[in-house]
Amino acid sequence: MTARRIAVGVTGASGAIYAVRTIAALLEAGCELEVVFSDYGKRLLLDELGPDAKVERLKELLASRYGAGVERGRFVMHSNKDLGATLASGSHRCESMVIVPCSMKTLAGVALGLSRSLIERAADVMLKEQRRLILVPRETPMSLPALRHQVAAAEAGAMILPAMPAFYQQPKTIDDLADFIAGKILNALGFEQQLFPPWKG
Ligand SMILES: Cc1cc2nc3c(=O)[nH]c(=O)nc-3n(C[C@H](O)[C@H](O)[C@H](O)COP(=O)(O)O)c2cc1C
Numbered sequence: 003m004t005a006r007r008i009a010v011g012v013t014g015a016s017g018a019i020y021a022v023r024t025i026a027a028l029l030e031a032g033c034e035l036e037v038v039f040s041d042y043g044k045r046l047l048l049d050e051l052g053p054d055a056k057v058e059r060l061k062e063l064l065a066s067r068y069g070a071g072v073e074r075g076r077f078v079m080h081s082n083k084d085l086g087a088t089l090a091s092g093s094h095r096c097e098s099m100v101i102v103p104c105s106m107k108t109l110a111g112v113a114l115g116l117s118r119s120l121i122e123r124a125a126d127v128m129l130k131e132q133r134r135l136i137l138v139p140r141e142t143p144m145s146l147p148a149l150r151h152q153v154a155a156a157e158a159g160a161m162i163l164p165a166m167p168a169f170y171q172q173p174k175t176i177d178d179l180a181d182f183i184a185g186k187i188l189n190a191l192g193f194e195q196q197l198f199p200p201w202k203g
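When the sequence shown is numbered by this note's numbering, its final residue is 203 and no position is left out of the sequence of numbers.
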């Protein structure tokens, strides 16, 4: 069976842990990932996960946090400035994309179809090709433009999956919160996942 090929954009909203947990979980599921960090996505990775959390050492970071299971999948990294990368074209067979976390700036760019960076262009490709696009916005409080951009993106076909962990599963650690959001993303992409216990009613 061919591996599922999925794009992951990581931008400069708070919540880098959601990005690394999602990437790790998709690799554990055997995916081929195409990963793009914005400049501020890289900065928040360092700010929030510490000095070893460098994009250039992402593979080592994922293995040290989540174990050898991440080696079931593969990833390539693209520059956010490379508008000629595979992801910039609809003829490239990348079936879905998630932007996690998604800044209000990138949200605006996606909602307005600006395609200023590879992340924005790849998201626009997902919308025009009517493929799955999941945006994981994080900001609080939210401005009226940010709210309107979410509506516009949803109307264009994106799924808005806010970085809003629940507490009914009684999380004990920050990793439990990240597992919840990554699990929701995997569910939205159609994967079976056991990152958090299902609600039994
Ligand atoms: C420490 C820090 C935290 C930030 N947190 C957020 C956030 O939670 N949400 C948001 O929309 N922007 C946040 N920003 C601002 C974005 O990083 C900024 O708008 C940036 O231009 C986004 O660019 P990008 O979408 O290309 O990554 C934060 C910036 C910094 C330095």
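Think of the CB as a built atom: it goes at the ideal place given N, C-alpha and C, for glycine as much as any other residue.
Problem - Assigned exposure category for K130 - 16 Cβ within 10 Å defines buried - result: In the sequence shown, the residue the question calls residue 130 occupies position 128. So K130 counts as exposed.
Handout entry: Nearest-angstrom Cα separation, counted from G203 out to L116
Key = As a first step, residue 116 is located in the sequence shown; it is residue number 114 there, counting from the start. As a first step, residue 203 is located in the sequence shown; it is residue number 201 there, counting from the start. About 43 Å.
Handout entry: Bridge-paired residues (DSSP) for A9
Key = Your numbering for residue 9 matches position 7 in the sequence shown. Answer by DSSP bridge pairing, in chain order: E36, M99.
Exercise for the section: Starting from the C-beta of D54, find all residues in its chain whose C-beta is less than 7 Å away, skip the five residues before and the five after it, and write them out in chain order. Expected result: Locating residue 54 in the sequence shown gives position 52, counting from the first residue. Same-chain partners within the cutoff: L63.
Handout entry: Within 8 Å, strictly: CB atoms of A65 and Q195
Key = Numbered from 1 along the sequence shown, position 63 holds the residue referred to as residue 65. Numbered from 1 along the sequence shown, position 193 holds the residue referred to as residue 195. Their beta carbons are not under 8 Å apart, which means A65 does not touch Q195 by this criterion.
Handout entry: Rounded Cβ spacing between A124 and M106 (contact assumed at less than 8 Å)
Key = Looking up residue 124 in the sequence shown gives position 122. Looking up residue 106 in the sequence shown gives position 104. The distance from the Cβ of A124 to that of M106 is about 18 Å, inconsistent with a contact at the 8 Å cut-off.
Practice task
Measure the C-alpha to C-alpha separation of Y20 and F182 and round it to an integer number of angstroms.
Solution key: Within the sequence shown, the letter at position 18 stands for residue 20. Within the sequence shown, the letter at position 180 stands for residue 182. So the two alpha carbons sit approximately 9 Å from each other.
Problem - beta-carbon K186 near ligand 3 non-hydrogen atom, thresh 7 Å - result: Of the ligands this structure carries, namely ligand 1, none is ligand 3.
Handout entry: Top-ranked residue by Cα proximity to C33, from G75, C104, L60
Key = Against the sequence shown, residue 33 aligns to sequence position 31. Of the listed residues, the one whose Cα sits closest to C33 is G75.
Practice task
Report the residue from A190, R59, G43, S145 whose alpha carbon sits nearest the alpha carbon of F77.
Solution key: Here the question's residue 77 lines up with position 75 in the sequence shown. Among A190, R59, G43, S145, the Cα nearest to that of F77 is on R59.
Exercise for the section: Kindly indicate which residue of A160, D84, I187 has the alpha-carbon position closest to the one of V22. Expected result: Along the sequence shown, read from residue 1 onward, the residue named residue 22 stands at position 20. Measuring from the Cα of V22, the nearest candidate turns out to be I187.
Problem - ligand 1 heavy atom lying under 7 Å from the CB of K107 - result: Walking along the sequence shown from the start, residue 107 turns up at place 105. The answer is yes for K107.
Exercise for the section: Grab me the residues of Q171's own chain with a C-beta within less than 7 Å of its C-beta, minus the 5 sequence neighbours each way, in chain order. Expected result: Taking the sequence shown and counting its residues from 1, one reaches residue 171 at position 169. F182, F198, P199.
Exercise for the section: Work out the CA separation of S93 and V127 for me, nearest whole Å. Expected result: Translated into positions along the sequence shown, residue 127 becomes position 125. Translated into positions along the sequence shown, residue 93 becomes position 91. So the two alpha carbons sit approximately 9 Å from each other.
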